[in-house]
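Report on one structure; see the data block that follows.
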Amino acid sequence: MRMWVLTLLERSPRNGAEIMDEMEMMTKGWWRPSPGSVYPLLESLVQEGFIKKREDGKYELTQKTKEDMGWPYGFHAGQPRTVEDMLKEISGYVSYFEDLVKSDKSRIEPHKEKIKEISGRLSALFP
1 MRMWVLTLLE RSPRNGAEIM DEMEMMTKGW WRPSPGSVYP LLESLVQEGF
51 IKKREDGKYE LTQKTKEDMG WPYGFHAGQP RTVEDMLKEI SGYVSYFEDL
101 VKSDKSRIEP HKEKIKEISG RLSALFP
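Be aware that the sequence shown starts at 1, since it is given in the UniProt record's numbering, and climbs by one per residue.
Printed below as a string of structure tokens:
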């Protein structure tokens with residue numbers, strides 16, 4: 001999925017929700033990556049210096065990445081195994097929701113109460 005994301009960003013800057021939409025469209029609806037896999041991957045690519053996040057929330061390739069198209073990418077697969085991994089996945093979902101609020105609020109609005117309920121449960125862990 002790393003190469004796919006980088007290829008999409010090579011074409012044009014995108015936010016996480018747009019990357020997920022594009023992947024779903026390219027597979028003709030057969031597969032849509034989860035926010036829990038896309039957003040941690042984007043963060044990892046930022047930390048590794050392959051991409052950068054713009055002020056408008058979209059990601060783009062760094063100049064170094066544009067110049068060096070022969071980089072070796074590893075593959076990250078599997079389910080989260082630690083609390084830290086789970087927190088990264090949850091953070092990915094929150095980033096996805098933030099993008100939806102900015103780009104297509106109607107897709108998240110019907111789920112507002114459930115999101116508030118989950119937020120309350122998380123907040124109750126550390127009163």
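Built from N, CA and C at the ideal position, the CB exists for glycine as well.
Proximal residues to residue i (C-beta, below 8 Å), its chain only, five neighbours per side dropped
i: SER103; result: ASN15, ALA17, GLU18
7 Å CB neighbourhood of residue i in its chain, flanking five on each side removed
i: ARG107; result: LEU100
i: ALA77; result: With a pLDDT of 41 at ALA77, under the threshold of 50, the modelled position of that residue is not reliable, and no figure is offered here.
i: TYR93; result: PRO35, GLY36
Contacts around residue i, its chain only, beta-carbon distance under 6 Å, and the 5 residues preceding and following it disregarded
i: ASP21; result: none
i: TRP71; result: A caution first: TRP71 carries a pLDDT of 43, below 50, which makes its placement in the model unreliable, though a value can still be read off. Nothing listed; no residue qualifies.
Residues bridged to residue i (per DSSP)
i: LEU61; result: ILE51
i: ARG14; result: TYR59
Expected contact under 8 Å - CB spacing of residue i and residue j to nearest Å
i: LEU41; j: MET1; result: 6 Å
i: LEU8; j: PHE50; result: In fact, because the Cβ distance is near 13 Å, the residues do not count as touching under 8 Å.
i: ILE115; j: PHE126; result: Actually they are not in contact, since the Cβ atoms of ILE115 and PHE126 sit about 19 Å apart, beyond 8 Å.
i: TYR39; j: SER95; result: 4 Å
Between the region 85 to 93 and the region 32 to 39, can you find at least three pairs of beta-carbon atoms closer than 8 Å? Here the region 32 to 39 lies against the region 85 to 93, with 3 or more beta-carbon pairs under 8 Å apart.
Is the region 4 to 14 in contact with the region 50 to 68, if contact means three or more CB pairs nearer than 8 Å? Touching, per the Cβ criterion.
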